[in-house]
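Student: Sending over a structure as structure tokens; questions will come in a sec.
Chains as they are written, first to last, in the numbering used here: chain C, 161 to 290; chain P, 1129 to 1329.
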């Protein structure tokens, strides 16, 4: 079983990620599926992370946290965020099958980032589910 | 679920090594990691306990070059084999495209192999996948132990226990020494690609 995304959809997603997140100062952003496949990834050109390993770990981490939520009787946790000294990482579900992962520095506030991520997700949903 | 990126002309495929605890799943990946060092640009990711047992999964991305003009990226995963980690095993299976079942040839592990294969069938079914339909290869690991006088199961017994209904390709292997590790991987990749090829135009 497989699925594919074409030029137009991928260009649209990359445009949203660039304009709504990278241009605002986010260091790195990637859209993955729950299996850990990388669908789109963009960065500010200054950093080079191992995106494929990050994607595998992010999908696993998200799955584990979702299972924890179920055990304590929650459908899901609304905020998934790890704060580092310099870099932080934020996860947000896109529909049921995808995950948007954002890596940003302390120059950006979490509240602002969440707002922008929510906007970007709205647009991505329209692209994936026209 | 393999992802085909039509823009980059890239395919990502997820292959999971499954099987009972201490059977050699991680050792398979470690062997591949060392043998194909030049083609693997990143570190192997492992999440293990202090006791060196797999806690969540191992992950090894592996570029195999172009097939029909598409760059094929194989993502190899292992699951934790211990019975108690069933929920994490299920998580790793999400979106799986193909499975290598690593069985332990030691006589004392006979029942554990059978239970683990049944567990694979059950966990695949939670994702509406059938063990009879997914590309699957069996690997009877630790064949080298027989030479050391450790009681092992014969190939015939392993085939009867695990492969009498499935009838999938099987390999006698030693992940520690490297015997048939590459062959197992090549077989599962070719089976996976065959099932994908219809989509790659």
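Every residue, glycine too, gets a C-beta built ideally from N, C-alpha and C.
Owing to the predicted nature of the structure, the values given are computational and were not obtained by experimental measurement.
1) In chain C, which residues lie with their C-beta within 7 Å of the C-beta of residue 1243(P)?
2) Would you grab the beta carbon distance between residue 1202(P) and residue 1195(P) for me? Rounded to a whole angstrom, and I think it's under 8 Å.
3) Could you spell out the range, first to last residue, of the alpha helix (DSSP H) harbouring residue 167(C)?
4) Are the CB atoms of residue 1145(P) and residue 1205(P) within a distance shorter than 8 Å?
5) For chain C, is any of its Cβ atoms less than 8 Å away from the one on residue 1189(P)?
6) Are the CB atoms of residue 1219(P) and residue 216(C) within a distance shorter than 8 Å?
7) Three or more C-beta pairs closer than 8 Å, one from the stretch 1222-1230 of chain P and one from the stretch 1160-1168 of chain P: is that the case here?
8) Please list, in chain order, the chain P residues whose beta carbon lies closer than 8 Å to that of residue 210(C).
9) Taking any Cβ of chain C, which residues in the stretch 1196-1222 of chain P have a Cβ under 9 Å from it, in chain order?
10) Measure how close the beta-carbons of residue 1155(P) and residue 1303(P) come, nearest whole angstrom, since I'm counting them as under 8 Å.
11) Which residue's Cα is closest to the Cα of residue 267(C): 278(C), 245(C), 254(C)?
12) Closer than 8 Å, CB to CB, is residue 193(C) near chain P or not?
13) Terminal residues of the continuous beta strand (DSSP E) containing residue 1268(P)?
14) Let me check understanding here. Comparing Cα to Cα, which of 1151(P), 1142(P), 1310(P) lies closest to residue 1187(P)?
15) Please classify residue 1222(P): is it buried, with 16 or more other beta-carbons within 10 angstroms of its beta-carbon, or exposed?
16) Under DSSP, the beta strand (DSSP E) around residue 242(C) begins and ends at which residues?
17) Is residue 200(C) near residue 240(C), with beta carbons less than 8 Å apart?
18) Run through DSSP, which three-state label would residue 1255(P) get?
19) Are the CB atoms of residue 263(C) and residue 281(C) nearer to each other than 8 Å?
20) Residues of chain C with a CB under 7 Å from the CB of residue 1130(P): which are they?
Tutor: Let's see:
1) Those do not exist, as residue 1243(P) stays about 22 Å from chain C at its closest Cβ, beyond 7 Å.
2) Actually they are not in contact, since the Cβ atoms of residue 1202(P) and residue 1195(P) sit about 11 Å apart, beyond 8 Å.
3) 167-180
4) yes
5) yes
6) no
7) no
8) 1170, 1171
9) 1201, 1203, 1205, 1215, 1216, 1218, 1219, 1220, 1222
10) 4 Å
11) 245(C)
12) yes
13) 1264-1269
14) 1142(P)
15) buried
16) 240-242
17) no
18) coil
19) no
20) 162
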